[in-house]
Structure formats: structure tokens, C-alpha cells
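Q: For the sequence shown, position 816 (counting from the first letter as 1) is numbered 828 according to the working numbering, and the numbering increases by one without interruption.
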Amino acid sequence: MNAQAMPAPAEGSVDDLGAWRARIKQSKQQLFDRFDAGGRADSLARSLAMLADQVLSAAWLQCGLPDDAALVAVGGYGRGELAPYSDVDILVLLCTPADEATAARIERFIGAAWDLGMDIGSSVRTLDECLAEAQADVTIQTSMLEARRIVGSPDCYARFRAGFDAALDPRTFFDAKLLEMRQRHAKYQDTPYSLEPNCKESPGGLRDLQLILWIARAAGYGSSWAQLESGGLLTAHEAREVRRNENFLKTLRARLHLLARRRQDIIVFDLQTALAESFGYRTTHQRRASEPLMRRYYWAAKAVTQLSTVLLQNIEARLNPDTSGVTRVLSPRFVEKQRMIEVVDDEVFEREPTAILEAFVLYERTHGVNGLSARTLRALYNARHVMNLAWRRDPRNRRLFLDILQAPHGVTHALRLMNQTSVLGSYLLNFGRIVGQMQHDLYHVYTVDQHILMVLRNVRRFAVPDHAHEYPLCSELIADFERPWVLYVAALFHDIAKGRGGDHSQLGMGDARRFCREHGIGEADSALIVWLVEHHLTMSQFAQKQDTSDPAVLRRFADIVGDERHLIALYLLTVADIRGTSPKVWNTWKGRLLEDLFRRARQVLDGAPTDPRTELRERRDGARALLRLQALPEGVEKRLWDDLDVSYFLRHSSEDIAWHTRALHDVPEGAGPRVKARPAPQGEGLQVLIYAKDQPDLFAAICAYFERASLSVLEAHVHTTRRDYALDHFLVVDRDLDAGYRDIANLVEKQLCERLLAHAAGEAPLPTPSRGRLSRLSRAFPIAPRVDLRSDEAGQYYLLSVSANDRTGLLYEIARVFARHHLVLHAARINTLGERVEDTFMIAGRSLGDARMQLQLETELLRAVSI
13 MNAQAMPAPA
23 EGSVDDLGAW
33 RARIKQSKQQ
43 LFDRFDAGGR
53 ADSLARSLAM
63 LADQVLSAAW
73 LQCGLPDDAA
83 LVAVGGYGRG
93 ELAPYSDVDI
103 LVLLCTPADE
113 ATAARIERFI
123 GAAWDLGMDI
133 GSSVRTLDEC
143 LAEAQADVTI
153 QTSMLEARRI
163 VGSPDCYARF
173 RAGFDAALDP
183 RTFFDAKLLE
193 MRQRHAKYQD
203 TPYSLEPNCK
213 ESPGGLRDLQ
223 LILWIARAAG
233 YGSSWAQLES
243 GGLLTAHEAR
253 EVRRNENFLK
263 TLRARLHLLA
273 RRRQDIIVFD
283 LQTALAESFG
293 YRTTHQRRAS
303 EPLMRRYYWA
313 AKAVTQLSTV
323 LLQNIEARLN
333 PDTSGVTRVL
343 SPRFVEKQRM
353 IEVVDDEVFE
363 REPTAILEAF
373 VLYERTHGVN
383 GLSARTLRAL
393 YNARHVMNLA
403 WRRDPRNRRL
413 FLDILQAPHG
423 VTHALRLMNQ
433 TSVLGSYLLN
443 FGRIVGQMQH
453 DLYHVYTVDQ
463 HILMVLRNVR
473 RFAVPDHAHE
483 YPLCSELIAD
493 FERPWVLYVA
503 ALFHDIAKGR
513 GGDHSQLGMG
523 DARRFCREHG
533 IGEADSALIV
543 WLVEHHLTMS
553 QFAQKQDTSD
563 PAVLRRFADI
573 VGDERHLIAL
583 YLLTVADIRG
593 TSPKVWNTWK
603 GRLLEDLFRR
613 ARQVLDGAPT
623 DPRTELRERR
633 DGARALLRLQ
643 ALPEGVEKRL
653 WDDLDVSYFL
663 RHSSEDIAWH
673 TRALHDVPEG
683 AGPRVKARPA
693 PQGEGLQVLI
703 YAKDQPDLFA
713 AICAYFERAS
723 LSVLEAHVHT
733 TRRDYALDHF
743 LVVDRDLDAG
753 YRDIANLVEK
763 QLCERLLAHA
773 AGEAPLPTPS
783 RGRLSRLSRA
793 FPIAPRVDLR
803 SDEAGQYYLL
813 SVSANDRTGL
823 LYEIARVFAR
833 HHLVLHAARI
843 NTLGERVEDT
853 FMIAGRSLGD
863 ARMQLQLETE
873 LLRAVSI
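#1: Three-state secondary structure (DSSP) at I508?
#2: Helix, strand or coil, according to DSSP, for M399 in the structure here?
#3: Considering only the alpha carbon of each residue, which of F372, Y169 and I279 lies closest to A419?
#4: Can you tell me whether DSSP reads D537 as helix, strand or coil?
#5: Measuring only the C-alpha atoms, how far is D80 from L106?
#6: Would you check if there are 3 or more beta carbon pairs closer than 8 Å linking the stretch 291 to 302 to the stretch 193 to 206?
#7: Name the DSSP beta bridge partners of A839, please?
#8: Assign N210 to one of three DSSP states: helix, strand, or coil.
#9: I need the DSSP call for P21, collapsed to helix, strand or coil.
#10: Out of L639, Y500, R345 and T844, point me to the one whose CA is closest to A367's CA.
#11: So, at 7 Å on beta carbons, what are the nonlocal neighbours of P78 in its own chain, with the 5 sequence-adjacent residues on each side left out?
#12: As a quick exercise: from E607, P204, M352 and T780, pick the residue whose alpha carbon is nearest that of E328.
#13: Taking the beta strand (DSSP E) that G133 falls in, what are its first and last residues?
#14: Is there a Cβ of chain C sitting closer than 8 Å to that of D358, yes or no?
#15: Specify whether the stretch 582 to 592 and the stretch 618 to 634 touch according to this definition: at least 3 beta carbon pairs, one from each stretch, less than 8 Å apart.
#16: Kindly list the residues whose CB is nearer than 8 Å to the CB of G76, restricted to its own chain and excluding five residues on each side of it in sequence; keep chain order.
#17: Tell me which same chain residues have a C-beta within less than 7 Å of the C-beta of L652, skipping the five on either side of it?
#18: Per DSSP, what kind of secondary structure is R265 in: helix, strand or coil?
#19: Quick check on the DSSP output: the beta strand (DSSP E) that includes N442 runs from which residue to which?
#20: Please list, in chain order, all residues of the same chain as M156 whose beta carbon is under 7 Å from its beta carbon, the five residues on each side excluded.
#21: How about L10 and A272: are their beta carbons less than 8 Å apart?
#22: Go ahead and pull the three-state DSSP assignment for R674.
#23: Taking 8 Å as the threshold (C-beta atoms), are V597 and D537 in contact?
#24: Would you mind sorting W126 into buried or exposed? The rule is 16 or more other CB atoms within 10 Å of its CB.
#25: List in chain order: all unbroken alpha helix (DSSP H) runs of 4+ residues lying wholly within the stretch 95 to 126.
#26: Under a three-way DSSP split, which group does L803 fall into?
#27: Is V360 closer than 8 Å to G354 when the C-beta atoms are compared?
#28: Checking the sheet assignment: what are the DSSP bridge partners for K705?
#29: To the nearest angstrom, report how far apart L540 and H833 are at their CA atoms.
#30: Based on DSSP bridge pairs, tell me the residues matched to S813.
#31: Rounded C-beta distance between D277 and K212? I'm assuming under 8 Å.
#32: Work out the CA separation of V471 and T733 for me, nearest whole Å.
#33: Using the C-alpha atoms, what's the distance from I36 back to A884?
#34: Run the CB neighbour count on D654, radius 10 Å, all protein chains shown included, and call it buried at 16 or more, exposed below.
#35: Which residues does DSSP list as the beta-bridge partners of P691?
#36: When burial is assigned at 16 or more other CB atoms within 10 Å of the CB, is G217 buried or exposed?
What follows is the structure, given as C-alpha cells:
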């Protein structure tokens with residue numbers, strides 16, 4: 013059955029309504045099948061709207077609505093288009109206020125529409141209410157802009173249309189929609205390059221194209237691309253590009269709805285492979301099926317962004333002809349017009365290719381301009397063939413590109429605009445290869461090119477005084493850093509070799525070295541740039557995976573860095589890099605780890621001794637000074653400290669040692685467990701101190717409590733005193749916590765102490781782990797778990813590295829394996845990277861010296877962390 017042959021339901025019969033609902037479902041399925049067989053998305057959208065028209069018209073007539081009322085389609089439905097699972101937005105338009113009988117009929121109509129399977133969004137307004145609300149709310153005004161009558165009084169609808177059109181101010185509407193677009197883009201970080209973009213709302217999505225047509229319609233310039241082309245707002249080529257990319261986005265959205273069987277506009281990882289296969293892409297040994305599809309999407313979003321910019325500028329120029337003249341002459345080849353940089357000649361780029369990069373230099377240097385004009389963008393597109401090998405090798409262009417990177421202002425904006433216009437990828441071919449490239453590492457949320465530009469933006473942000481409060485140390489360091497542009501070059505190349513196979517750091521070094529040589533960068537700066545690309549992961553690996561309290565580890569890191577300039581550069585790039593992966597990856601704990609490593613490495617480079625005795629003395633002296641400030645008597649620390657070995661003092665700061673001493677100095681001999689908790693002094697999280705009689709499964713019991721309390725462990729330091737007491741220090745976070753950590757500290761102290769008392773008495777055996785559900789992202793991209801066990805350099809401990817998909821209860825499962833093998837845990841570094849964990853444990857135990865037992869341990873751990 014097709015949309016043109018829908019019989020009306022018999023009035024008042026529930027059975028008939030049920031049968032009619034089944035026919036509607038059947039008709040929809042036939043439309044879906046036709047689309048799956050190769051139909052066009054716009055044809056499907058129109059057919060679904062026609063089907064909805066018939067259903068609602070029949071229900072309207074059956075419910076006996078007044079003759080002077082009208083049923084009006086609004087929003088996308090008003091355009092005569094419906095995606096497979098979109099809402100059906102309707103307006104019941106009344107020329108006179110509804111009496112009780114009319115209100116009952118309207119309620120019956122809306123109920124019947126729902127009963128018939130229509131997912132409607134309804135409003136009921138009088139003519140006067142419609143016009144008043146449209147004036148007060150631009151969203152309602154936009155919805156009504158595309159209104160069309162479905163059934164009911166033509167006269168009532170005509171009065172509404174005339175009143176609405178008369179009250180519509182095109183200039184005010186343009187300004188309001190432009191502001192709305194900017195707010196929407198900001199919600200999506202002003203980029204279409206999220207790894208899970210919203211194909212409707214993200215920059216470059218369908219909403220941007222709809223916005224153009226809304227504005228054009230409000231201004232009377234047309235309501236279709238053909239009309240905008242005939243009116244001179246679009247060239248023939250641009251019109252073809254708009255239609256081609258709009259059709260792709262509509263097709264993608266329709267298939268996304270059908271795959272999800274609901275309204276679904278975000279291209280989530282779960283559906284990307286199936287969506288790609290519906291387009292005919294297939295997974296190979298080299299790449300997932302989703303990768304070429306998503307790259308196609310990003311290129312479409314980029315094209316939509318560029319075309320939208322052109323159209324908005326052209327419409328604005330017509331709406332405001334009095335302000336569309338030349339503001340000032342910038343150079344023989346460029347002028348400023350409407351706060352945009354405009355070419356004086358449409359063929360200037362083809363005649364003088366060096367003008368291409370000159371445009372971006374002017375964009376940086378000219379205060380108050382917002383971008384390139386539509387005329388300039390068109391000229392750039394037409395000159396794409398001149399951005400060839402000779403253009404890239406031209407010494408003048410190399411000088412101009414360095415000028416862009418070395419400018420005091422606007423570097424990030426210029427490079428983003430160069431990427432949007434494909435100039436950056438044309439100048440740096442290897443950058444062009446990673447535009448739209450996916451990353452499936454479970455913690456990056458942007459494509460490779462967008463991540464690189466985010467990192468560069470973060471480095472630039474350190475130098476902006478308005479943002480100095482965000483990262484005070486970074487802002488302080490970059491203020492005194494000579495030639496900070498070398499950091500921008502390093503940021504530009506640090507991930508440029510991703511996706512080529514092999515170590516991207518090593519491959520990127522070659523690209524960076526070649527760039528420096530070709531652009532005449534000095535030897536020292538070139539060496540620093542290449543070194544930063546090679547080592548851009550080194551600092552985070554040391555800080556998050558190694559025991560930086562060990563003087564030998566600290567010395568090894570200092571030897572890699574070599575001098576203070578390299579250390580500062582690496583620290584700044586590392587913070588910017590981690591911040592540019594995902595909002596979820598960075599936290600204050602990681603910030604503290606990096607800052608601690610930076611400060612201690614700086615001391616080493618300044619000549620401070622790194623032997624354990626000096627470090628031990630400084631930690632103890634610092635803790636004693638803090639205890640005196642807290643009015644504790646002299647020597648109060650002796651009893652506790654005599655029970656602790658050197659490793660305890662080397663793994664804790666003076667502040668933490670003083671806190672532990674204040675909490676435990678009065679614990680009597682043979683006492684039961686003591687638990688103390690406090691908000692972390694430096695950043696988010698809760699510090700938890702546990703002092704209890706040691707036993708093999710104590711760590712597992714503690715982890716079991718944290719799991720049940722929904723607290724995630726970020727860091728753990730485990731020590732055994734000479735009297736066989738465990739002194740354990742944890743940093744935990746509750747990612748869903750709304751209240752402050754101070755509010756839950758007492759609760760944690762009480763509950764955990766009770767748990768440990770029951771466990772020591774044998775009344776609380778270790779519970780069975782609740783294998784927590786994997787996140788949606790982890791299910792889409794499971795990683796092969798990895799376990800690596802090896803002796804440390806001193807042969808005293810074993811270092812265990814575990815990499816796996818994150819899930820609730822994972823640490824507890826690992827702790828249970830430790831308990832079964834009677835392993836002693838000395839320290840743990842829990843590193844969560846988005847949906848992946850990379851945990852490091854320092855363990856000891858007699859069984860570790862036996863190769864067979866090592867193999868058994870690794871096997872059990874792999875089983876514990878597997879999905």
C-alpha cells in the first residue's frame with residue numbers, strides 16, 4: 013500500500029483504529045523498503061509527509077473540528093519533509109478561542125493522532141496568540157515560517173499567513189538566526205570534526221542548510237536552491253555542490269533513523285559500521301568500513317560550512333546595502349568589506365598565487381575582520397589548481413607560512429580557516445592526508461586534524477592573559493619562553509603521521525625535520541621541534557605510569573630532557589596535548605602529576621641532588637614543619653615514622669606525610685582499623701587513608717568497598733609497617749558527584765571502617781565482582797587486553813602493566829587475583845584514558861620468581877580484564 017491509498021478509519025471504532033494503525037505501519041514499511049532498494053532520501057521524506065497529511069486529515073474530519081479552525085504543519089513537516097522517525101509538528105489554528113466542546117474535540121483529535129502511531133508535537137493557538145508568540149520567540153517564528161495548511165479553514169490560514177508575513181522583519185530575523193547558529197555551533201565546540209557528530213545540528217550539518225533557506229525565505233529571496241541560484245546568490249557550481257551535499261546528509265540521516273529504529277541524529281560509534289555498509293563500504297584488513305564513510309561526511313560538512321558562509325555573506329550584503337562598501341584598502345590585492353577580507357580581482361589568486369597565503373597573513377594582522385568574504389572564498393576555490401608543487405616550493409610562500417605561525421595574534425583562527433578552505437592541506441600535503449581521519453583509541457573525540465588544531469589552540473591559549481587563571485604555571489612559563497612559535501610547529505606535526513602505520517612519533521620527526529629544513533628554521537629551533545615530535549608522549553608516560561618518586565626514574569627523565577628549555581617546551585606541549593584529546597581525559601590529578609614531575613625535573617636540571625637520602629631528609633623536614641604549624645608536640649611523629657621504610661617517604665609529599673602523622677600518631681598498639689578521608693588539597697577527588705592490620709586480601713576488600721560506593725580509584729600507595737600494619741593511601745573520585753567531597757568524607761570513613769572490621773573478623777568475605785557493563789564506546793571498539801609483567805631495574809619489585817577497556821569493578825577483579833596469589837602491592841597508578849585504562853602496579857611476592865607461576869598470574873589477569 014502506498015501513501016496515496018490510505019482509507020479513513022471508521023468513526024468511533026477502536027478496532028478499526030487498530031487496523032488502520034497497522035495499515036499505516038505497513039505503508040511506512042513499504043516506503044522504507046523502496047528507499048533501501050535505492051530510492052532517494054528527498055522522495056522518502058516527501059512521501060512520509062504526504063502519508064502524515066492523509067492520516068491527520070482523516071482524523072481531523074472524524075473528530076469534527078470547527079469549520080473556522082485549521083490544521084497547520086509547521087517545522088520540517090511544514091516544508092513537506094519528514095525523516096523516518098522525526099516528530100510530526102502540528103499547529104491547531106483557531107480564529108476564535110475554543111469553547112468547552114471545541115477543546116474536547118481538539119483533545120480527541122490529538123489523542124487519535126497518537127493512537128494512530130503519529131509521534132506528534134502539537135500546539136493549540138488562536139490567530140492572535142500565534143502572531144504574538146512568533147514576535148516573542150524566534151524559534152516559534154522559524155517553525156511558523158514554513159507553515160502550510162493540511163486541512164481546515166483556508167480563510168483562517170490565509171489570515172494567519174498574511175499577519176505573519178506582515179510582521180516578519182527580515183533583518184531582525186537574520187540577526188537572531190545568526191546568533192542562534194553561533195550558539196548551536198559553540199555547543200559542538202565550533203567543529204564538525206567530532207568522532208560522533210550530529211548530522212543535523214553540528215556545524216556543517218543539515219540545520220545550517222535549513223537556516224540559509226529560512227533566512228532567504230524571510231527576506232523574499234526564494235525558498236529553494238534553484239531560486240537562490242536564479243537570484244544570483246549562488247553560482248551554478250555552488251548550487252550543484254549544495255544539492256549534492258544536502259542529498260548526502262539527508263540520505264545519511266534517513267539511514268541512521270532506519271538503523272536505530274528511532275529518531276537518531278548523532279552518528280554514534282555503535283551504528284557507524286552498519287551505516288557505512290548501507291552505503292556500500294566494506295571493512296578490509298587496512299581499515300574499518302566506517303572510516304571512508306566518516307571521511308566523506310567530514311568533507312561534506314566542510315563544504316556545507318564554506319557554502320553557508322558564502323550564502324550568509326551574500327544575503328547580509330543585500331539586506332544591508334548601505335554597509336556593504338569598502339571599509340579600507342589593505343594592500344594592492346585586498347580590501348576590507350563588511351569586516352571581511354575581499355580580493356579586488358576575482359582572478360588575483362590564479363594570476364599571483366602568493367596572494368593565497370597573503371590573505372591569511374592579513375586576516376591575522378587586520379584587527380576587527382571576521383574572515384574571508386564570499387568573493388574571496390570563491391576565488392580561492394577557483395584557484396585550487398595553482399596550489400601545486402611549485403606553489404609549495406616557492407620561497408615567498410614558505411616565508412608567508414612562517415609569518416602565519418609567528419604572528420603575535422590570530423594563529424589558531426588563521427590555521428582553522430586554512431583548514432576549512434583546504435589551503436592548509438594543500439600546503440602541507442601530509443596534513444591533508446589526516447583531514448577527517450578517525451581515531452579509534454577510546455579517548456580521542458576528534459579527528460586527527462581537529463585534534464592537532466585543538467592542541468595548537470591550547471598552547472596559544474596559555475599565552476592569552478584572559479585565560480591565565482586556567483593554567484597559571486603554563487601561562488607563567490610561556491610568558492618567558494623565547495620564540496614560542498616553535499611550540500606551534502611541534503603541535504602541528506606531533507600527530508601528523510597517524511594512520512600511516514608504524515610509530516607516528518618517529519614518522520612525524522621526518523616530516524618536521526623536512527619542514528624545518530625547507531623553511532630555513534635555525535638549527536637549535538629545528539632540533540627542539542623534531543625532539544618534541546619524537547617525545548611528545550614521554551612526559552605523560554613517565555608521570556602516569558612510572559614511580560617518579562624514585563630518584564633513578566627522575567634522573568632518567570631529566571637525562572632525556574637535557575635542559576630547561578626542552579623541559580618547559582615538553583611540559584607545555586604535553587598539557588596542551590592531553591587537553592586536546594577529550595574533555596573527559598584531563599583532570600586535576602593528571603595535572604598535578606605532570607606539574608610535580610616538571611618541578612622535580614627542573615630541580616634536578618638546576619643541580620639539585622637526586623640521592624634518596626637528600627630527598628628523604630627534605631620530605632621529613634617539610635612534614636615536621638607542617639606538624640609544628642598545627643601545634644602538635646615535638647617528636648610526635650617518631651613512633652609512626654620508625655615503623656616506616658624509606659619508600660614511604662619517597663612516595664608521599666611532605667603535606668601527605670604530615671596529614672598521615674596527625675591522623676595516626678595516637679593509634680594504640682593492636683588497635684582496629686582507622687580510616688580518614690579529606691578532599692584532595694590540590695584538585696578534585698577524595699584522599700582516603702587506611703591503617704589496618706595487614707592481610708593478603710586487604711587491598712581487595714578496600715577495592716570492593718570503593719566499587720560498591722561508586723568511587724573510582726585514581727592512585728594508590730600501599731605500605732606495610734614493621735609491625736605488619738598496612739598504611740594505604742588512595743585518591744578516589746566520584747564522577748557523578750554533585751555535592752562536594754567534604755560532604756561524603758565522613759560517610760566514607762564510617763562505612764569503610766565498618767567494612768574492614770567485618771572483613772578482619774571473617775564476617776564479610778570478598779563479594780563476587782559485579783562485572784560492570786561496558787560503555788557504548790567500548791562495545792563498539794573493544795581493545796585486546798594486555799598484561800605485561802617484568803622485574804624492575806633494581807630487581808626488588810615487579811612492574812605490572814594492564815591495558816583494557818574500562819568498566820565498573822575492573823580494579824576489584826585485579827585485586828582479587830593479587831589476593832589469590834598472595835601478592836604484596838606497594839604502589840598503583842590507575843590511569844583512565846576515556847574508555848580505556850592503562851594501570852601500573854608495583855608488586856612483590858614469592859611466586860613471582862617462578863616462571864610457571866608468572867604465566868598463571870598473567871593468564872588469570874587477562875581473564876579478569878577481558879570483556
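Backbone N, C-alpha and C define an ideal beta-carbon position, used for all residues, glycine too.
No experiment lies behind these values; they were computed from the predicted model shown.
A: In short:
#1: coil
#2: coil
#3: F372
#4: helix
#5: 7 Å
#6: no
#7: H729 and M854
#8: strand
#9: Caution applies to P21, whose pLDDT of 47 falls short of 50 and renders its modelled position unreliable; the value that the coordinates give is listed next. The answer is coil: DSSP assigns P21 none of H, G, I, E or B.
#10: R345
#11: T114
#12: M352
#13: I132 to T138
#14: Going by chain labels, chain C is absent from the structure shown, which holds only one protein chain.
#15: no
#16: R117
#17: T673, L676 and H677
#18: helix
#19: It is not in any beta strand (DSSP E) - N442 instead sits in the alpha helix (DSSP H) that spans L441 to R445.
#20: V86, C142, A146 and F176
#21: Since the first and last residues shown for the chain are 13 and 879, residue 10 lies out of range.
#22: helix
#23: no
#24: exposed
#25: none
#26: Before going further, note that residue 803 is Ser rather than Leu in the sequence given. Reduced to three states, the DSSP call for S803 is strand.
#27: Residue 354 is actually Glu in this sequence, not Gly. Against a cut-off of 8 Å, the Cβ pair of V360 and E354 comes out as no contact.
#28: Y737
#29: 47 Å
#30: D800 and T852
#31: 4 Å
#32: 45 Å
#33: The displayed coordinates of the chain run from 13 to 879. Any statement about residue 884 would go beyond what the structure contains.
#34: exposed
#35: L698
#36: buried
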